[in-house]
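This report concerns only the one structure given below.
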Amino acid sequence: MHSPLILISCACAALAAIILIGFLIRRPLLDASTRTLLFFGMGALPICAAAAANIQGYEATQKREFCGSCHVMIPHASDSEDVKSIGLASRHARNANFGEKNCYTCHADYGMFGTVLTKIGGMRHVWLYYTEFHDMPLAEAREKIHLRNPYPNSNCMQCHSTQLQGWMNSPDHRAAAQDVRDGRVSCASAGCHGVAHPTTKTVSALPAQFVDGGAPVLHVDAGVFAEAGSEAGAR
Amino acid sequence: MKLPVISPTKIPQLLRIAAVLSLVGLALMMWSVFDPRPAPVLIGLSLGQVIGTSSFVIYLAIVIWDIRRRRREGSTPEERTSLSKLR
Chain A
1 MHSPLILISC ACAALAAIIL IGFLIRRPLL DASTRTLLFF GMGALPICAA AAANIQGYEA
61 TQKREFCGSC HVMIPHASDS EDVKSIGLAS RHARNANFGE KNCYTCHADY GMFGTVLTKI
121 GGMRHVWLYY TEFHDMPLAE AREKIHLRNP YPNSNCMQCH STQLQGWMNS PDHRAAAQDV
181 RDGRVSCASA GCHGVAHPTT KTVSALPAQF VDGGAPVLHV DAGVFAEAGS EAGAR
Chain B
1001 MKLPVISPTK IPQLLRIAAV LSLVGLALMM WSVFDPRPAP VLIGLSLGQV IGTSSFVIYL
1061 AIVIWDIRRR RREGSTPEER TSLSKLR
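Protein chains in written order, with the working numbering: chain A, 1 to 235; chain B, 1001 to 1087.
What follows is the structure, given as structure tokens:
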């Protein structure tokens, strides 16, 4: 509620509503002053309200809270918010540059039309959610929902250029530098910096550091992923 | 260009419909602001704006229609206030 955009949008909408309701109740003569008032009530003020609501809506769609509002994304969002998680997403969410927009920052496409392409992709997600996944249990969704295309290293390389000496000091980086840059080796693979969202994986699919030594990544939604716990016990 | 046939007595009714549409559009947009989940945001920022734009288009159409009608019929002071006689 602290965003000035919300205040602007609300103020414009409230003023427009007062004008329009007054017009509907009082039914004044349609003279020049009434038409001017109606211009503000139906045109200028709603346009201001819509512009502010658009920007506010765009901001809202970048937040983790928005992504996690679909139940199938709750494990992803919960893991990101878990300060104890060692998942890649959570580690980035703890960085102030990502913060509450960590889903968008990592999954947004870059380039000239990156934002537009990301939003089109988001529309596809919404469509699929309401047509296929809305009533799907989380355990089933975890099996069925996956990235449409492999996660592009180019998204990581927006921040991690792979050119600095510190990055090249790592022998693994040096050995796979070209493959990483070309996208043939994923930064987020389990053997490197992944997995990104450990709560979305079955325990058998997790690397040892997520399971051994009591790493707390699976305590999120433990009830939902009860079968994952029994799997862990058997391991 | 030929003017569409709009009965002057229909104008207040059309404006009231436009006002109601505008209120509905505003309500949908405010819903998206206060409940930023996918469905409200999509509905508010698409359907809400289509409805709001429609109401403004109706308003503009009426005003433009009235201006052109006055120009065509001549602008005596009586005719200039033609709409103002309507409620």
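Built from N, CA and C at the ideal position, the CB exists for glycine as well.
For this session: Helix, strand or coil for residue 1032/B, going by three-state DSSP, please let me know.
Result: Helix.
Problem set entry | First through last residue of the alpha helix (DSSP H) which encompasses residue 174/A | That run of the alpha helix (DSSP H) goes 171-182.
For this session: Starting from residue 4/A, trace the alpha helix (DSSP H) both ways and give me its first and last residue.
Result: Start and end: 4-26.
For this session: Identify, in the order they occur along the chain, each residue of the same chain with its Cβ nearer than 6 Å to the Cβ of residue 93/A, setting aside the five sequence neighbours on each side.
Result: Within the same chain, Cβ atoms closer than 6 Å to the Cβ of residue 93/A are found at 80 and 102, the five residues on either side in sequence being excluded.
Exercise. So which residues on chain A does residue 1018/B lean against when the C-beta distance must stay under 7 Å?
Worked result: Near residue 1018/B (Cβ distances below 7 Å), the residues of chain A are 42.
Exercise. When Cβ atoms are compared, which residues of the region 1038-1057 of chain B fall closer than 8 Å to chain A?
Worked result: Residues of the region 1038-1057 of chain B with a C-beta less than 8 Å from any C-beta of chain A: 1038, 1039, 1041, 1042, 1044, 1045, 1048, 1049, 1052, 1055 and 1056, listed in chain order.
Exercise. What did DSSP end up calling residue 84/A once you bin it into helix, strand or coil?
Worked result: In this structure, residue 84/A counts as coil in the three-state DSSP scheme.
Problem set entry | Distance between residue 49/A and residue 1062/B (C-alpha atoms, nearest Å) | Cα to Cα, the separation comes out at about 23 Å.
Exercise. To the nearest angstrom, how far is it from the Cα of residue 10/A to the Cα of residue 200/A?
Worked result: In a straight line, the C-alpha of residue 10/A is about 39 Å away from that of residue 200/A.
Exercise. Which bits of chain A does residue 1024/B rub up against, with CB to CB less than 9 Å?
Worked result: The contacting residues do not exist; residue 1024/B stays about 10 Å from chain A at best.
For this session: Less than 8 Å between the CB atoms is what I'm expecting for residue 152/A and residue 1022/B, so what's the real figure, rounded?
Result: Between residue 152/A and residue 1022/B the beta-carbon gap is near 44 Å, outside 8 Å, which marks them as no contact.
For this session: Quick one: list the residues of chain B neighbouring residue 56/A, beta-carbon separation under 9 Å, in chain order.
Result: Here the neighbours are 1032, 1033 and 1036.
Problem set entry | 8 Å Cβ cutoff met for residue 1038/B and residue 126/A | In terms of Cβ geometry, residue 1038/B and residue 126/A form a close pair [threshold 8 Å].
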